[in-house]
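Here is the structure we will look at.
In this note's numbering, the protein residues as written are 3 to 649.
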């Protein structure tokens, strides 16, 4: 018995020793750099910066660990945590609104706003997945989509107020840099208030873990227990968000490592998770402080995302659930001539409106005659670039959906666009040359690597359709966390990456627009020859082989083509437009179900959607302009959330 206890505590003790040694080394580095406790100024830095930072890391980690354990127990979902349920992003959106609309609001007001935002996100996730029985993967996938939409809206609000941009960006990344003990005190108070309800919930949560029907048979109010546990978990997570920003995946890793260390019952998981979370965040913060140069300014929240996303990918195949079978894409013999005529007319109207329609201080106006001629040089480049990007994303979305047999797949959802961004960042960091060919090569390499990884996972045993999508959302979060870590260095390249993430077309000139159109033409031309591959691949490997299709060459060619399309489009509109999801669906719903027609219709609808989004992004909050990619992601993310509810 004693040996079993020692084995259970050994990993925690080892983790604590490593964290303590790392933080001691960090403190020693500060002392070696000139910090002397005997100096009055250095003593103030030690007492009001270094020590509060360590205390905040421990307390915030404990709060997030307990929050994750409560959320996982309430939903019977080992992947649930504040980041994956949209709690953190909802709190960030609420706090961004508070900073812009009520900047003088005090600490309690900020925490109340953060709680309202986090609770609203959880309510949206539950409403969208209730009909699916709170299926674990559906809950987390919906939560991550809600988080993407909320994050896009937050970024749009921040970019509309440039003077607050970088400060809110660093805060949103989860910075533990402190100037007082106030944040540590606020988190400690929240932990103390949550301790009693968490202790009282341990036994009821253990009862509902046996199953809803059994718990109801014992007289347990299942809905009330879940709502109370969710409320306590959200309160803890949003308090941390209000004080130090967004710290991702600690709420996932804390309970997971607690279970791996021997915690089995709900009570022991609730007891162990705060301790593990505290050590993990302390360890991550010590690692960040030990980084050389400007990288020591990376927000700790970005570092925890880099550590937590691989853990989530590792846990995903081990999640116990019954995946729904993938349904092949059905073909139709409906004539497509009339549909293409309508789409071409809509495209002409959209292009004309994008150039001629606008707003001024006097209201809406349509440019005609001389006004149209004067506006043409300013508006046609961004309109043409938006159309080219939309066409490429629409075509890439059709390829990915038909290759995987999954109607919810797209370059943005599967992390391919975010992978393109990571490749772009690598190319910019490794070379002083930022010419377009190098940027495209980096983006294409990152997109190709992400797509190959996702396709490998799609064929892996134990990774079904919805797990596949969740793995893609996790990969996207991992890539975006790495990008945020680079942006936090505040270098010239960091600001260039920030502009790319926002997906703005306002700075595109004639040369860039012509290159985008040429890339779209060159990359969509081969689509005329891959119709048979896309018609046969969704039917499955045995059928494809029986029809004599060379699977490996077909998949390699389609993978490369989809990656190049996504990379070229992402260079223009950023990583989160979701046009690659919406356009193939709209084309299929309009009757364009044959592969060639589906590809052509998806590209055409993608161009229409992106041009319309560019027009709205330019006019909806005049005189400000919203980034095209962020604006499109609001519509596309909402559409994906609706699909997850109805399918």
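Think of the CB as a built atom: it goes at the ideal place given N, C-alpha and C, for glycine as much as any other residue.
Beta-carbon proximity list for residue i, same chain, < 8 angstroms, skipping 5 on both sides
i	result
residue 193	61, 64, 65, 68, 238, 276
residue 423	445, 448, 481, 482, 485, 499, 502, 503, 572, 576, 577
residue 441	426, 429, 430, 573
residue 598	529, 530, 533
residue 58	178, 180, 185, 186, 189, 245, 246
residue 308	480, 483, 484, 487
Cutoff 6 angstroms; reference residue i; Cβ partners in own chain excluding five residues on either side
i	result
residue 400	586, 600, 601, 604
residue 243	90, 93, 116
residue 512	383
residue 608	392, 393, 395, 396, 581, 585
residue 152	91, 92, 95
residue 158	628, 632
residue 305	286, 290
residue 345	606
residue 74	80, 82, 257
residue 381	357
residue 279	63, 64, 66, 67, 252, 256
Test item: CB-CB of residue i and residue j under 9 angstroms
i	j	result
residue 610	residue 507	no
residue 362	residue 414	no
residue 130	residue 644	yes
residue 630	residue 622	no
residue 342	residue 81	no
residue 195	residue 227	no
residue 612	residue 525	no
residue 148	residue 79	no
residue 241	residue 113	yes
residue 473	residue 231	no
residue 124	residue 70	no
residue 249	residue 283	yes
residue 255	residue 72	no
residue 618	residue 155	no
residue 659	residue 386	In the structure displayed, the chain extends from 3 to 649; residue 659 sits before or after that span and is not available.
residue 103	residue 207	no
residue 639	residue 150	yes
residue 209	residue 225	no
residue 50	residue 182	yes
Rounded separation between residue i and residue j - CA only
i	j	result
residue 34	residue 291	Unreliable placement is indicated for residue 34, whose pLDDT of 49 sits below 50; the coordinate value is still reported in the next sentence. Using only the alpha carbons, I get a separation of about 14 angstroms.
residue 310	residue 143	16 angstroms
residue 252	residue 358	50 angstroms
residue 260	residue 105	39 angstroms
residue 579	residue 632	6 angstroms
residue 596	residue 185	58 angstroms
residue 269	residue 257	12 angstroms
residue 101	residue 176	16 angstroms
residue 83	residue 191	21 angstroms
residue 233	residue 421	35 angstroms
residue 247	residue 197	22 angstroms
residue 489	residue 300	8 angstroms
residue 353	residue 378	12 angstroms
residue 547	residue 567	27 angstroms
residue 407	residue 458	14 angstroms
residue 650	residue 451	For the chain, the structure presents residues 3 to 649; residue 650 sits outside this window and is missing.
residue 432	residue 398	28 angstroms
residue 218	residue 588	44 angstroms
residue 454	residue 409	19 angstroms
residue 438	residue 510	13 angstroms
residue 620	residue 370	19 angstroms
residue 347	residue 99	40 angstroms
residue 121	residue 111	15 angstroms
residue 668	residue 419	Residue 668 lies beyond the stretch modelled for the chain, which goes from 3 to 649, so this question has no answer here.
residue 593	residue 417	28 angstroms
residue 97	residue 626	21 angstroms
residue 85	residue 55	22 angstroms
residue 565	residue 642	21 angstroms
residue 274	residue 205	15 angstroms
Whole-Å CB distance - residue i paired with residue j, under 8 angstroms assumed
i	j	result
residue 391	residue 518	7 angstroms
residue 388	residue 402	That pair is no contact at about 21 angstroms.
residue 521	residue 570	5 angstroms
Own chain, CB closer than 7 angstroms to residue i, minus 5 neighbours either side, in chain order
i	result
residue 127	87, 88, 141, 144, 145, 148
residue 349	606, 609, 610
residue 36	Unreliable placement is indicated for residue 36, whose pLDDT of 48 sits below 50; no coordinate value is reported for it.
residue 53	none
residue 1	Past the boundaries of the shown model lies residue 1; the chain is included only from 3 to 649, so the question cannot be answered.
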